[in-house]
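Beneath this line is the structure, given in structure tokens, with notes to follow.
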Amino acid sequence: MKPGAHAGLHQVILTLARCPEHPDGSAGRGYEIVAPLGPDGRLDAALWHTTRDYCRVRRFWTGEPDRHGRLAHRAGGEGGATWLIDYDDRTDADDEPGYRFGSHTFIEGEYVSIRDAEEDVDHTFRIVQIRATSAGHSE
Numbered sequence: 019m020k021p022g023a024h025a026g027l028h029q030v031i032l033t034l035a036r037c038p039e040h041p042d043g044s045a046g047r048g049y050e051i052v053a054p055l056g057p058d059g060r061l062d063a064a065l066w067h068t069t070r071d072y073c074r075v076r077r078f079w080t081g082e083p084d085r086h087g088r089l090a091h092r093a094g095g096e097g098g099a100t101w102l103i104d105y106d107d108r109t110d111a112d113d114e115p116g117y118r119f120g121s122h123t124f125i126e127g128e129y130v131s132i133r134d135a136e137e138d139v140d141h142t143f144r145i146v147q148i149r150a151t152s153a154g155h156s157e
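Counting in the numbering used here, the final residue of the sequence shown is number 157, and the numbers go up one at a time with none missing.
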């Protein structure tokens, strides 16, 4: 492992799945998330606590500027905690929670849902790529 590398951090790329507005999905809408995944492919809260500064998110949406935030783990929600995307520490209004992220196994080809803070609607995304990262950057 390279100096500064963090075992368990992975770059997860999600793209919009099929929906009424996009019957074929959309590779131009999605997220790049640096996530702390355990060997079972689930989000690892203990690893997140030691690597949270590296758990970054880029939201890309055709026709809109990219948004940058971080993957956060907060008390409350199903199982006592919630995983979400936090764009601004000063407010919760822009937070985008992942639906059951804590119990989901992140595997290429599977699907996850994220609640859009602006539209207040869940969008479903396909996991199109997962790869190990080093210090929060893809290798």
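Don't be surprised by glycine CBs; every beta carbon is placed ideally from N, CA and C.
- Comparing alpha-carbon positions, the option among Leu27, Asp107, Gly26 and Arg36 lying closest to Glu128 turns out to be Arg36.
- Residue environment for Val139: exposed (fewer than 16 other C-beta atoms within 10 angstroms of its C-beta).
- By the neighbour-count criterion, in which a residue is buried when 16 or more other Cβ atoms sit within 10 angstroms of its Cβ, Thr123 is exposed.
- Contact annotation: Arg133 and Glu114 have beta-carbon atoms nearer than 8 Å.
- In this structure, DSSP gives Gly116 an extended state, which the three-state scheme calls strand.
- Per DSSP, the continuous alpha helix (DSSP H) segment holding Leu65 begins and ends at Ala63 to Thr69.
- In the assembly as shown, Thr109 is an exposed residue. Its beta-carbon has fewer than 16 other beta-carbons within 10 Å.
- The C-alpha of Leu65 lies about 31 Å from the C-alpha of Ser44.
- Going by DSSP, Gly94 is part of no beta strand (DSSP E) at all; its letter is neither H nor E.
- Restricting attention to Ile103, Arg118 and Arg74, the CA atom closest to the CA of Gly95 is found in Arg118.
- For Ile125, the closest C-alpha among the options Asp107, Ala53 and Pro38 is that of Ala53.
- For Tyr72, the three-state secondary structure derived from DSSP is helix.
- A residue is called buried once 16 or more other Cβ atoms fall within 10 Å of its Cβ, and Thr151 is buried on that count.
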